[in-house]
Amino acid sequence: MDLNEARELIANRQMWPRVRAYLAAGGEMMDFSLPENRLYLLDKETMEKIQLWLKALGQAESWKTIVDGAKVRQLKAEYPGVYPDAIRYLPYFSKFDLNDTSNIELVKHLLKLKFPEAYELCCS
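Heads up: the sequence shown begins at -7 in the numbering used here, then just goes up one per residue.
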């Protein structure tokens, strides 16, 4: 990072407080112009929800056939706020390998659909 990039980062009122908090918590300096690095700036709760959605999307195809009430209750408890919604979102992710959660394009697409505030921070 050169001096001009550092000045731009500090001048960014949306990102700089998050970067400062991340660094103060022991995080390492990285190129925050990349969306995959900006994910580190999200709060813990949002990151946990994103991870839960990514995990659920990888399994949602098999959930389509579940009709057993006990299993449905178990999935609702295990994936709160995600099951059964993940099944309805599958068509939007048809071009992605849903088991490859490291695919930044998959993550960006999920952010765009379900986490607009995180998408704005990471992808703008």
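Yeah, the Cβ is synthetic: ideal placement off N, Cα and C, and Gly gets one too.
Phe85 and Lys41 have their C-alpha atoms some 17 Å from each other.
Taking Glu109 as reference, the option from Leu67, Arg30, Met(-7) with the minimal CA-CA separation is Arg30.
Closest in alpha carbon position to Leu102, among Met(-7), Thr38, Asn4, is Thr38. Of all alpha-carbon atoms in Trp8, Ala52, Cys115, Leu(-5), the one lying nearest the alpha-carbon of Leu90 is that of Ala52. The residue among Lys68, Leu44, Arg65 with its C-alpha nearest the C-alpha of Thr93 is Leu44.
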